[in-house]
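Chemist:
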Amino acid sequence: MDLEAMIWFVEVAQLGSFARAARRLKQPGSNVSRRIAKLEADLGFPLLLRTTRSLSLTQEGEAFLPLARELLEAQTQITDWRDSLDATPTGTLRVTAPGGFARGPLTDWLIRYRQKHPKVDVQLIHSNDYLDFQAHQLDFAFRQGPLPDSSLVAQRLFRIHYGVFVAPERRIEDTPLETPDQLTDRPIIASGAKGQALPWRFRDRTWTPKNPDILFEDIGQCLQAAAAGLGYTFTSRFEALPYLQSGTLEEVLVNDRPEPVGFYLVSPSRAHRSLKNESFVRHVLEEVASFGLADGLSI
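Everything in the sequence shown is counted per full-length UniProt numbering, starting at 1 for the first residue and increasing by one.
(1) Taking 8 Å as the cut-off, decide whether the C-beta atoms of Asp204 and Gly231 are in contact.
(2) Using a threshold of 8 Å, state whether the C-beta atoms of Arg94 and Gln134 are closer than that.
(3) By the three-class DSSP mapping on this structure, what secondary structure does Thr235 have?
(4) Less than 8 Å separating the beta-carbons of Arg35 and Asp80?
(5) Skipping 5 residues on each side, what residues in its chain have a beta carbon closer than 6 Å to that of Arg156?
(6) Less than 6 Å between C-beta atoms, sequence neighbours within five positions excluded: which residues of the same chain meet that for Pro209?
(7) Where do the ends of the alpha helix (DSSP H) carrying Asp42 lie?
(8) DSSP beta-bridge partners for Ser159?
(9) For the 8 Å Cβ check, are there 3 or more pairs between the region 53-61 and the region 227-247?
(10) Leaving out the 5 sequence neighbours to the left and right, which residues in its chain are closer than 7 Å to Asp218 when beta-carbon positions are compared?
(11) Per the contact definition of three or more C-beta pairs closer than 8 Å, is the region 135-149 in contact with the region 266-282?
(12) Please classify Ala226 as buried or exposed, where buried requires at least 16 neighbouring CB atoms within 10 angstroms.
(13) Grouping DSSP H, G and I as helix and E and B as strand, with all else coil, what is Arg24?
(14) My output table needs one value for His117: the three-state DSSP class, helix, strand or coil.
(15) So for Thr92, helix, strand or coil by DSSP?
(16) Take His126 as the anchor and find which of Arg114, Arg24, Ala97 has the nearest alpha-carbon.
(17) If contact is defined by three or more beta carbon pairs under 8 Å, each pair taking one atom from either stretch, is the region 65-72 in contact with the region 2-18?
(18) What residue ranges within the region 140-227 form continuous beta strand (DSSP E) runs of no fewer than 3 residues, ordered along the chain?
(19) Around the Cβ of Ser236, are there at least 16 other Cβ atoms within 10 angstroms (buried) or fewer (exposed)?
(20) Please report how far the alpha carbon of Asp174 lies from the alpha carbon of Leu249, in whole angstroms.
(21) Looking at C-beta atoms only, is the number of pairs between the region 176-183 and the region 281-291 that lie closer than 8 Å three or more?
(22) If you compare alpha carbons, which of Val153, Asp108, Arg20, Thr52 is closest to Arg273?
(23) What would DSSP say about Arg273, mapped onto helix, strand or coil?
(24) Figure out for me which residue from Ala87, Trp8, Leu48, Val252 has the closest Cα to the Cα of Ser279.
(25) Roughly how many angstroms separate the alpha carbons of Gln144 and Gln221, rounded to a whole number?
Spelled out as structure tokens, the structure:
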């Protein structure tokens with residue numbers, strides 16, 4: 001039985017394409033297709049339904065996939081154990097982080113990490129979603145708030161403070177905003193995902209804009225629109241800081257600020273951590289220590 005073909009099958013199933021799986025595996029597409037076809041013959045049933053336009057799992061393929069993923073996880077742990085014995089960090093580091101943080105401090109952190117460890121390839125995925133570590137072959141994720149998976153290990157880096165922000169001229173034009181309840185009568189610029197506004201959290205309540213005047217997926221766009229005087233937006237004080245410093249935005253409802261949210265470096269729980277991953281954790285902690293906590297962040 002071809003164990004490597006089982007691992008390749010996981011890649012094909014996750015990516016939905018022989019071509020994309022072959023690129024990730026750095027193999028010829030014909031080789032991947034041939035090896036998986038041989039695996040199907042050895043198992044005695046098809047794992048994949050192939051058409052000219054699509055690829056999907058058969059019922060047997062759906063049942064076999066979790067077993068093959070366990071094999072992939074075992075391979076990862078063996079690789080980590082082997083790499084932990086190396087004298088120099090090597091391999092591929094796959095990291096995911098929210099877009100704002102990925103475009104901000106993390107880019108500089110990863111550049112400096114690569115400069116220190118040139119034998120490590122670095123891949124960064126921008127995502128606000130909680131991506132599955134195994135499905136996306138992740139080493140680390142930067143995430144805020146409670147973790148959905150108790151099998152993950154989280155190390156808090158700092159806490160993020162949130163608030164409501166508006167352009168000074170808009171605040172002056174509007175009647176005074178004294179409670180979050182009054183936001184229902186104000187123009188709202190919301191950040192969202194998949195067409196749905198994300199909730200705004202306050203000290204003693206949570207409010208989700210029902211029909212925001214403007215809905216963006218990128219919080220940077222929300223801040224731009226708010227600075228243009230188009231309405232009120234909810235975001236971290238850290239991301240709003242350049243606008244606060246320039247005077248183009250002000251914070252309102254300060255007394256209703258929510259408790260700050262923890263921001264974490266998250267990784268799978270494993271008995272052996274590769275030198276690559278150990279070196280990255282040390283690097284991140286060094287970067288956080290030298291980063292200095294700007295306005296809007298705290299320990």
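Beta carbons are placed, not taken as given, at the ideal position from N, Cα and C, and that holds for glycine.
Modeler: Well, looking at it:
(1) It is not a contact, given that the beta carbons lie outside the stated cut-off.
(2) Gln134 sits away from Arg94, with the two beta carbons spaced by 8 Å or more.
(3) Note: Thr235 maps to strand in three-state DSSP.
(4) It is not a contact, given that the beta carbons lie outside the stated cut-off.
(5) Excluding residues within five positions, the ones whose Cβ falls inside 6 Å are Gly262, Tyr264.
(6) Excluding five sequence positions before and after Pro209, the CB atoms of its chain that fall closer than 6 Å to its own CB belong to Ile188, Ala190, Ala197, given in chain order.
(7) From DSSP, the alpha helix (DSSP H) with Asp42 extends over 29-43.
(8) One detail in the question is off: residue 159 reads as Arg in this sequence, not Ser. Bridge partners of Arg159 according to DSSP: Gly262, Ser298.
(9) Contact between the region 53-61 and the region 227-247 is absent, because fewer than three Cβ pairs lie under 8 Å.
(10) Excluding residues within five positions, the ones whose Cβ falls inside 7 Å are Gly99.
(11) Touching, yes, given that three or more Cβ pairs across the two stretches are closer than 8 Å.
(12) When all chains shown are included, Ala226 counts as buried.
(13) Helix at Arg24.
(14) DSSP, reduced to helix, strand and coil, places His117 outside both helices and strands of the structure shown, so it counts as coil.
(15) Secondary structure of Thr92 (DSSP, three-state): strand.
(16) Nearest option by C-alpha distance: Ala97.
(17) Yes, the region 2-18 touches the region 65-72.
(18) Listed in chain order, the beta strand (DSSP E) runs fully inside the region 140-227 are 140-144, 152-160, 162-166, 188-193, 214-216, counting runs of at least 3 residues.
(19) By the neighbour-count rule (16 or more Cβ atoms within 10 Å), Ser236 is buried.
(20) As the crow flies, the alpha-carbon of Asp174 is around 15 Å from that of Leu249.
(21) Verdict: no, contact absent.
(22) Ranking the options by Cα distance to Arg273, first place goes to Val153.
(23) Residue state, collapsed to three classes: coil.
(24) Selection Ala87, Trp8, Leu48, Val252 evaluated against Ser279 yields Ala87 as nearest (Cα-Cα).
(25) Computed Cα separation, rounded: 20 Å.
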